[in-house]
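Residue numbers (UniProt numbering): 1 to 467. Backbone N, C-alpha and C fix where the C-beta goes; we use that ideal spot for every residue, glycine too. The structure appears right after this line, and notes come after that.
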């Protein structure tokens with residue numbers, strides 16, 4: 001809801017924070033310190049940053065949505081997000097690619113191998129060189145951690161802005177929906193509480209998947225330079241899990257859509273039950289509605305169980321393939337008559353440590369999550385494509401002197417069932433009461449849904465204000 005009386009708050013220190021301030025989160029120290037001394041109050045909350053304001057995000061997304069409707073036969077929220085946040089997403093992705101791959105994995109693994117050669121008998125590495133290697137290991141960790149925390153806040157901020165824009169779009173859409181019997185408002189509740197809520201981590205998840213495969217080939221090359229063709233034995237096992245995870249991700253997306261449909265139906269029945277609570281109590285229908293909701297919830301949980309089984313299989317594949325690939329790689333290297341040194345052992349461990357994040361985190365979590373994100377964006381897009389109430393032909397219908405509703409032989413069919421047939425009447429301006437037995441279809445359908453529903457047969461002649 002819009003509110004003209006807005007409270008002026010303290011300026012957000014993040015808006016003018018410098019680079020050093022941002023890296024160390026110094027701008028958040030004051031509010032954290034206040035929270036340690038007492039409970040935070042509304043007066044302690046800073047002013048919302050301009051790029052997080054719902055009005056600006058809604059205005060930008062509305063413009064992009066209208067552009068998408070005009071230029072594309074199949075509008076997509078994903079394309080809109082790319083235009084709104086694409087450059088920011090790409091810049092942070094390049095930064096995390098350099099920090100994680102070149103500093104966190106590649107440099108750290110090579111330097112660790114050089115450092116461990118100092119402890120081998122008869123080594124040529126001096127103490128000074130060993131200290132330099134140790135300093136390099138510490139420096140790499142510090143750089144990665146400093147950047148990683150700032151990166152997570154930045155990409156989650158992108159997800160938060162996606163949430164704000166989509167929530168506002170869905171809310172405004174609800175105000176313009178017609179009353180077709182498709183449980184539109186129940187769908188809106190599910191979309192806001194489940195689909196949009198998942199968008200917070202979408203940017204981070206996408207980056208991890210994009211980084212994962214280049215990381216795999218870089219670390220494979222490093223292993224190849226140390227142990228030769230033996231590295232390919234472990235890599236083959238790792239690559240064999242990729243199509244399996246992709247297939248499971250497709251299945252998860254499919255069942256995610258089915259789960260959302262069951263949730264919509266359950267929310268619809270619950271809303272109808274709460275709305276008609278007096279009638280339910282009067283006719284003692286509590287048991288019937290309770291059983292109906294239980295059945296809907298049971299169907300929903302049945303599909304959810306399949307989704308979580310699939311996720312567990314993906315996670316198990318990642319955990320087992322990482323360890324099995326490392327075992328096969330070392331076994332192959334020794335079987336070829338080679339000797340494992342400390343440097344080679346720690347390089348292989350470091351490379352498979354990078355593989356571990358790919359196999360136990362990026363693919364098991366990333367692929368199912370991206371499948372769910374895809375399903376969520378599809379549901380949001382379909383909701384925004386729903387039919388809206390037509391705009392009146394005149395400016396102000398409330399000032400009309402002669403207002404009538406004229407129906408001639410109208411018939412309405414909803415979901416294959418005829419709810420009104422052969423209705424002809426003329427309603428003049430003023431209060432008109434449609435009477436009928438308690439819960440009658442005629443009173444409910446006519447009073448709540450008829451005026452905005454397309455007719456199968458007959459005519460509806462609205463009288464708008466005269467200009």
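Tell me the DSSP bridge mates of residue i?
i           : result
residue 10  : 46
residue 426 : 406
residue 388 : 177
Please report the Cβ distance between residue i and residue j, rounded to the nearest whole angstrom; I am assuming they are in contact, meaning their Cβ atoms lie under 8 Å.
i           : j           : result
residue 299 : residue 271 : That belief does not hold up - the Cβ atoms of residue 299 and residue 271 are roughly 18 Å apart, past 8 Å.
residue 207 : residue 155 : 7 Å
residue 89  : residue 203 : 6 Å
So, is residue i buried or exposed, given that buried needs 16 or more other C-beta atoms within 10 angstroms?
i           : result
residue 363 : buried
residue 92  : buried
residue 140 : buried
residue 176 : exposed
residue 38  : exposed
residue 428 : exposed
residue 482 : Nothing about residue 482 can be read from this structure; the chain reaches only from 1 to 467.
residue 288 : exposed
residue 372 : buried
residue 312 : exposed
residue 282 : exposed
Tell me which same chain residues have a C-beta within less than 6 Å of the C-beta of residue i, skipping the five on either side of it?
i           : result
residue 376 : 195, 198
residue 83  : 64
residue 306 : 255
residue 356 : 322
residue 143 : 103
Could you pull out every residue in the same chain whose Cβ sits closer than 8 Å to the Cβ of residue i, ignoring the five residues on either side in sequence?
i           : result
residue 56  : 50
residue 324 : 237
residue 389 : 176, 177, 178, 452
residue 69  : 75
residue 85  : 158, 161, 162, 203
In chain order, what residues of the same chain lie with their CB nearer than 7 Å to the CB of residue i, ignoring the 5 residues before and after it?
i           : result
residue 439 : Per-residue confidence for residue 439 stands at a pLDDT of 49, beneath the threshold of 50, marking its modelled position as unreliable; the derived number appears in the next sentence. For residue 439, where only same-chain residues beyond five positions count, the Cβ hits under 7 Å are 279.
residue 329 : 230, 231, 233, 234, 348
residue 220 : 231, 235
residue 422 : 409, 411
residue 23  : 146, 150
residue 20  : none
residue 45  : 9
Cβ contact check for the stretch 160-168 and the stretch 45-52: 3 or more pairs under 8 Å: These segments touch.
Given 8 Å, three or more beta-carbon pairs between the stretch 8-17 and the stretch 32-49: Taking 8 Å as the limit for Cβ pairs, the verdict is that the stretch 32-49 does touch the stretch 8-17.
contact_flag[the stretch 164-177, the stretch 194-205] where n(CB pairs < 8 Å) is 3 or more: Touching, yes, given that three or more Cβ pairs across the two stretches are closer than 8 Å.
Three-pair Cβ contact test at 8 Å for the stretch 331-344 versus the stretch 223-236: Counting Cβ pairs under 8 Å, three or more are found: they touch.
Three-pair Cβ contact test at 8 Å for the stretch 103-111 versus the stretch 340-357: As far as the Cβ criterion goes, the stretch 103-111 touches the stretch 340-357, which means the pair count is three or higher.
The stretch 68-78 / the stretch 378-387 touching (three or more Cβ pairs under 8 Å): The stretch 68-78, when compared against the stretch 378-387, does touch it at the 8 Å Cβ threshold.
Given 8 Å, three or more beta-carbon pairs between the stretch 118-137 and the stretch 236-252: No, they do not touch.
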